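Participant:
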Amino acid sequence: DAKTTQPTSMDCAEGRAANLPCNHSTISGNEYVYWYRQIHSQGPQYIIHGLKNNETNEMASLIITEDRKSSTLILPHATLRDTAVYYCIVRDYTGANSKLTFGKGITLSVRP
Amino acid sequence: NAGVTQTPKFQVLKTGQSMTLQCAQDMNHEYMSWYRQDPGMGLRLIHYSVGAGITDQGEVPNGYNVSRSTTEDFPLRLLSAAPSQTSVYFCASSLGPLVVFGPGTRLTVL
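As they're listed, the protein sequences go chains A and B.
Going by the numbering used here, the first residue of the first sequence is number 895, and it counts up by one from there.
Going by the numbering used here, the first residue of the second sequence is number 891, and it counts up by one from there.
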């Protein structure tokens, strides 16, 4: 079973920030939070990951709460091309049990 | 680097036929895995491998076999295809935190 819960869908206006929430209340100390997205039927695309500090890259920012039980992916200026299913995943990649377990994700629709 | 490549892109089989989905990566990744995705669903893990010669089952392994004779290749075999195996199949590889997915194979079993 997926160890994260996400809303089913959300939308935002083009050019505005998209804030995608994720709950992972049972996350363990050595598990990272990952975000992937899937556009149409393409292979999932890596966005960002973090352990406990906030992270930022050219695609997005990841805000992780201090207790690590939830996080938010921020797309600062959403475009129509950001319309996709976004998956929040927790994963311990340091050992043999390093598989990604996907839930149903959140469908983000960016409107013009 | 070509990343993760999958062949074929599309395949139609009849019930009972066998086939092998190919997956290759040129990044020297130790970890490779196969997922299937059904309509409206997230990806589900079929089999995975943590290195050459080592494979293990994921959450939906029935009807599929894998082997890992080299670091680069991780083929997925369907011994006797069933309509329930109609799906999109994704291969992935990783070394450390970053997991890279292939473009997928769309399989239809009639």
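Where a beta carbon is used, it is the ideal one built from N, C-alpha and C, also for glycine.
Source: prediction; values computed, not measured.
1) Looking at chain A, is there any beta carbon in it that lies within less than 7 Å of the beta carbon of B/Gly943?
2) Locate the beta strand (DSSP E) running through A/Pro915, then write down its first and last residues.
3) How would you label A/Thr977, buried or exposed, when you count the other beta carbons within 10 angstroms and need 16 or more for buried?
4) On the DSSP bridge list, what partners appear for B/Val990?
5) Should A/Gly980 be flagged as near chain B, meaning a C-beta pair shorter than 7 Å?
6) Just mark A/Ser935 as buried or exposed, buried being the case when its beta carbon has 16 or more other beta carbons within 10 Å.
7) If you draw a straight line from the C-alpha of B/Ala972 to the C-alpha of A/Asn947, how long is it?
8) Alpha carbon to alpha carbon, how far is A/Glu960 from A/Ser919?
9) Taking the C-alpha atoms as reference points, what is the distance between B/Asp916 and B/Met909?
10) Output, in chain order, the set of chain B residues within a Cβ distance shorter than 9 Å of A/Gln900.
11) Given 8 Å as the limit, is there contact between the segment 904-916 of chain A and the segment 959-975 of chain A, that is, 3 or more CB pairs closer than that?
12) How should A/Lys963 be labelled, buried or exposed, when 16 other C-beta atoms within 10 angstroms of its C-beta is the threshold for buried?
13) Just list the residues that DSSP pairs B/Ala892 with in beta bridges.
14) Looking at C-alpha atoms only, which residue of A/Gly997, A/Pro938 and A/Glu949 is the closest neighbour of A/Pro901?
15) Output the boundary residues of the beta strand (DSSP E) element that contains A/Ile1000.
16) Can you pull the chain A neighbours of B/Leu911, defined as C-beta to C-beta under 8 Å?
17) On the CB-based measure, 16 or more other CB atoms within 10 Å of its CB, does A/Arg1005 come out buried or exposed?
18) I'd like to know whether the C-beta of B/Tyr938 is nearer than 7 Å to at least one C-beta of chain A.
19) Quick check: is the beta carbon of A/Leu1002 nearer than 7 Å to any beta carbon in chain B?
20) For chain B, check one thing: does any of its Cβ atoms lie closer than 7 Å to the Cβ of A/Leu956?
21) From the beta carbon of A/His943, is the nearest beta carbon of chain B less than 7 Å away?
Facilitator: According to the structure data:
1) B/Gly943 does not count as touching chain A.
2) It spans Ala912 to Asn917 - the beta strand (DSSP E) in which A/Pro915 sits, taken as one unbroken run.
3) The Cβ neighbour count for A/Thr977, taken over all protein chains shown within 10 Å, is at least 16; the residue is labelled buried.
4) Answer is B/Ser983, bridged to B/Val990.
5) Reading off the sequence shown, one finds Tyr at residue 980 of chain A, where the question assumed Gly. At a cut-off of 7 Å between C-beta atoms, A/Tyr980 does not count as an interface residue with respect to chain B.
6) Classification of A/Ser935: exposed, given that the 10 Å Cβ count is below 16.
7) Going by the C-alpha atoms only, they are around 46 Å apart.
8) In a straight line, the C-alpha of A/Glu960 is about 12 Å away from that of A/Ser919.
9) Each residue's Cα considered, the two are about 23 Å apart.
10) Neighbours of A/Gln900 on chain B: none; closest Cβ ~10 Å, over 9 Å.
11) Contact between the segment 904-916 of chain A and the segment 959-975 of chain A is present: 3 or more CB-CB pairs across the two stretches fall below 8 Å.
12) By the C-beta density criterion, A/Lys963 is exposed, having fewer than 16 other C-beta atoms within 10 angstroms.
13) Beta-bridge pairing links B/Ala892 to no other residue.
14) The candidate whose alpha carbon is nearest that of A/Pro901 is A/Gly997.
15) Element bounds for A/Ile1000: Ile1000 to Arg1005.
16) Within chain A, no residue comes near B/Leu911; the closest Cβ sits about 14 Å away, beyond 8 Å.
17) Result: exposed.
18) Yes, B/Tyr938 counts as interfacial toward chain A.
19) Not a single C-beta of chain B is nearer than 7 Å to the C-beta of A/Leu1002.
20) Not a single CB atom of chain B sits nearer than 7 Å to the CB of A/Leu956.
21) In terms of beta-carbon proximity, A/His943 lines the interface with chain B, with at least one pair separated by less than 7 Å.
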